[in-house]
Structures are given as C-alpha cells and as structure tokens.
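*Asks:* I have a structure here, written as structure tokens, and I will follow up with some questions on it.
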Amino acid sequence: MNGKLKGGLFVFAGACSFGVLSTIVKLAYAEGYNVGHITGTQTLFGLLMLWGIYLVQRRLMGVPPVIDAKMPATGKPTAWWKVAAAGSFTGLVGIFYYQAVQLVPASIAIILLMQYLWMSILIEWIAFGKRPHRMQVLSAAVVLVGTIFAGGIFSESVHVNPRGIVFGLLAALSYSVFLMTSGRVGNEYPPVKKSALMITGSLILTWIIFPLTFLFDGILFGGLYKWGLALALLGAVVPPLFFSIGVPRVGVSLGAILSAAELPVAVMSSALVLREDVQALQWCGVILILAAIGMTNLKMGRTANSVRGKTE
57 MNGKLKGGLF
67 VFAGACSFGV
77 LSTIVKLAYA
87 EGYNVGHITG
97 TQTLFGLLML
107 WGIYLVQRRL
117 MGVPPVIDAK
127 MPATGKPTAW
137 WKVAAAGSFT
147 GLVGIFYYQA
157 VQLVPASIAI
167 ILLMQYLWMS
177 ILIEWIAFGK
187 RPHRMQVLSA
197 AVVLVGTIFA
207 GGIFSESVHV
217 NPRGIVFGLL
227 AALSYSVFLM
237 TSGRVGNEYP
247 PVKKSALMIT
257 GSLILTWIIF
267 PLTFLFDGIL
277 FGGLYKWGLA
287 LALLGAVVPP
297 LFFSIGVPRV
307 GVSLGAILSA
317 AELPVAVMSS
327 ALVLREDVQA
337 LQWCGVILIL
347 AAIGMTNLKM
357 GRTANSVRGK
367 TE
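Take 57 as the starting number for the sequence shown in the working numbering and just add one per residue.
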C-alpha cells in the first residue's frame with residue numbers, strides 16, 4: 057500500500073471516529089450535563105490517555121523524542137508550545153460546535169461545521185499559494201451538495217438562531233486551521249507525542265473558558281466520567297493521532313475532503329443509536345458524500361500507480 061493511500065485511510069478512520077461524537081454528546085446532554093462538563097472531561101481524559109501511551113512507547117519500544125529524518129531545516133525541533141497552540145484549535149472546535157448544537161437544529165449545525173471543506177482549500181490557496189486541482193474542487197462540491205441533503209434541511213421547519221450560525225462557522229474555521237496546522241507543525245515528533253502536545257493545548261484553552269469545577273463537586277464520579285472517557289477516546293485521541301499520521305501524507309486539501317466521512321457516520325449513528333428518523337433525501341446525501349470520498353481515493357490510487365509506472 058502506497059504512503060498516500062495509507063495516509064488517506066488514517067484520515068478517513070479518524071473522521072469516522074469523530075462522526076460518532078454528536079450521538080455521544082446528545083446522550084450526555086440527556087443526562088443533564090453541559091458544554092463545560094463535556095469538553096472539560098473530554099480533554100482531561102484525552103490528555104491522560106495520550107501521554108500515558110507515549111510514556112509506555114518510550115519505556116517499552118524506545119521511541120525517540122524526535123524523528124531526525126523529519127527535522128525542520130533549522131536543525132531544531134519545533135517548540136512544544138507551538139504544537140500545543142496548534143492543538144488548542146481542537147478545543148475550539150468542540151466548544152463552538154457543541155454551542156451551535158444548542159442554538160440551531162442539529163442538521164444546520166452539521167452543515168455549518170462542514171464548511172471547513174471549502175475553508176481549508178481556500179486558506180491553503182491564499183496562505184500557501186497551492187491551487188486546488190479539478191478533482192479536489194469537484195469532490196468538495198459534491199460533498200457540499202451531499203451535506204445539504206444529509207443535514208435534512210429540506211425535511212423540517214428550520215428556525216435559525218444567528219448566534220448559532222456564528223458558533224457553527226467558528227467551529228468550521230477552527231477545524232480548518234487545525235487540519236492545516238496538523239500537517240505542517242511538529243511533524244518531527246512521533247505521532248503520539250505530537251497528539252499529546254496538541255491535547256495539552258486544547259485542555260489549557262478549554263479549562264480557561266470552562267473552569268474545572270466538575271473535579272470538586274462530585275459530578276465527575278457521579279456518571280460524567282463514562283461520557284468523558286468515550287469522548288476522549290473517540291474525539292481527543294483517535295482523530296488527532298490519525299490525522300497527525302495521515303494529513304502530512306495526503307495534504308491539507310485532500311485531508312479535508314476525506315475527513316468529510318464524519319457526516320455520513322454521524323447520520324448513521326443517530327439513526328441506529330438514537331433512533332432518529334432519517335429521511336430518504338438524507339440517505340441520498342450520505343451516498344453523495346461517500347461517492348466523493350471514493351472519487352478522491354480513486355484519484356490518489358491512480359496517481360500512485362502512474363508514478364510507480366514511470367519509475368519502473
């Protein structure tokens with residue numbers, strides 16, 4: 057398996073993991089927990105898991121603190137605080153998105169979050185002069201059309217709160233910046249250490265906004281811990297780790313398109329677990345998004361085969 061295709065699979069798997077979060081959050085809300093409880097425990101348990109995994113790797117596998125082959129041109133590793141600062145955007149994604157879910161219908165919140173697709177391509181074009189090729193533009197367009205259908209916007213009466221729109225777009229922008237920075241900052245660190253540094257930045261930012269009162273009022277061990285563990289594993293550990301491995305191999309724009317897998321997973325999860333009514337048009341949207349992801353992977357595979365053919 058070529059490196060680019062392998063990287064695409066990592067990004068896809070990380071997005072699928074991220075896709076089940078909305079279902080878990082809804083279940084946690086049903087038990088009376090709020091945004092501060094959810095984001096606070098998610099980052100806390102995520103930090104403990106990632107640093108624990110890294111320390112075990114160092115002890116048992118002798119993983120080096122940095123990978124010399126990926127060292128920046130300066131000859132010095134990226135400052136840890138820069139990697140942590142990049143990771144703080146994952147905390148912003150959770151805070152903004154969970155706020156949006158409270159203020160607008162879930163279908164609209166998902167559509168707003170999915171705007172990171174064109175934002176990522178546009179940011180990379182403006183900031184780094186990397187023009188998207190036609191397949192990326194076509195795939196992004198298909199994903200956006202599929203997003204409208206999968207979000208169920210045509211199947212319900214929509215009442216939009218302006219603050220909810222702002223929070224949703226801020227979540228999309230934060231997600232775009234995270235995808236961009238995860239592919240360019242701290243690549244010389246082993247993936248687990250890089251992810252641990254990122255979740256450290258996310259925890260610091262989250263706890264500044266939402267003080268960690270749940271550690272002292274008994275809520276944590278009263279039942280919040282189970283949601284924190286699930287959200288940490290599927291939202292704070294798996295996606296950043298897999299994106300750290302995959303995004304540098306496929307690039308930010310392709311990574312953004314592949315990570316769109318989170319939406320169909322979210323729709324299927326809500327239908328199977330929450331027993332929510334998913335209309336036929338929503339399933340059509342899911343199929344469109346999966347088709348766009350398939351086109352992207354097909355393009356990567358053909359490109360890799362072409363390169364191999366020229367070198368043989």
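Where a beta carbon is used, it is the ideal one built from N, C-alpha and C, also for glycine.
Output the distance between the C-alpha atoms of leucine 111 and glutamine 335, rounded to the nearest integer angstrom.
*Replies:* Looking at the two C-alpha atoms, the distance is approximately 47 Å.
*Asks:* Return the residue from the list Val329, Ile94 and Ala322 that minimises the CA-CA distance to tryptophan 339.
*Replies:* Tryptophan 339 has its Cα closest to that of Ala322, out of Val329, Ile94 and Ala322.
*Asks:* So alanine 316 and valine 199 are in contact, right, with Cβ under 8 Å, and what is the actual spacing, rounded?
*Replies:* Rounded, the Cβ-Cβ distance is 5 Å, consistent with contact.
*Asks:* With a threshold of 8 Å, are at least 3 pairs of Cβ atoms found where one atom belongs to the segment 82-96 and the other to the segment 340-349?
*Replies:* Contact between the segment 82-96 and the segment 340-349 is absent, because fewer than three Cβ pairs lie under 8 Å.
*Asks:* So, are the CB atoms of serine 230 and phenylalanine 145 less than 7 Å apart?
*Replies:* Result yes, Cβ atoms of serine 230 and phenylalanine 145 sit closer than 7 Å.
*Asks:* Quick one: using the 10 Å Cβ neighbour count with 16 as the cut-off for buried, is tryptophan 137 buried or exposed?
*Replies:* Result: exposed.
*Asks:* Please work out which residues of its chain come closer than 6 Å, Cβ to Cβ, to arginine 364, disregarding the five sequence neighbours upstream and downstream, and give them in chain order.
*Replies:* For arginine 364, the predicted structure reports a pLDDT of 47, less than 50, and the residue's modelled location is therefore unreliable. A value from the coordinates is still provided. Nothing meets the Cβ criterion.
*Asks:* Assuming threonine 99 is part of the alpha helix (DSSP H), what are its boundary residues?
*Replies:* Its alpha helix (DSSP H) spans residues 91-112.
*Asks:* Verify whether the separation of the beta carbon atoms of leucine 337 and phenylalanine 152 is less than 7 Å.
*Replies:* Cβ distance not < 7 Å, so leucine 337 and phenylalanine 152 don't count as in contact.
*Asks:* Taking contact to mean at least 3 C-beta pairs separated by less than 8 Å, is the segment 222-236 in contact with the segment 168-178?
*Replies:* Contact between the segment 222-236 and the segment 168-178 is present, because at least three Cβ pairs lie under 8 Å.
*Asks:* Using three-state DSSP, classify tyrosine 85 as helix, strand or coil.
*Replies:* Tyrosine 85 falls in the helix class under three-state DSSP.
*Asks:* Secondary structure at methionine 170, three-state DSSP: helix, strand or coil?
*Replies:* Of the three classes helix, strand and coil, the one that applies to methionine 170 here is coil, per DSSP.
*Asks:* Which residues mark the beginning and the end of the alpha helix (DSSP H) in which serine 232 is found?
*Replies:* From DSSP, the alpha helix (DSSP H) with serine 232 extends over 218-238.
*Asks:* In terms of alpha-carbon separation, which member of Gln158, Ala252, Lys82 and Gly59 lies closest to valine 294?
*Replies:* Of the candidates Gln158, Ala252, Lys82 and Gly59, the one whose C-alpha sits nearest the C-alpha of valine 294 is Ala252.
*Asks:* Out of curiosity, what's the CA-to-CA distance linking phenylalanine 101 and glycine 284?
*Replies:* Spanning the two alpha carbons is a distance of roughly 7 Å.
*Asks:* Between lysine 366 and the rest of its own chain, which residues show a CB-CB distance below 7 Å, the 5 nearest in sequence each way excluded?
*Replies:* Confidence in lysine 366 is poor, its pLDDT being 48 and thus under 50, which makes the residue's placement too unreliable to answer from.
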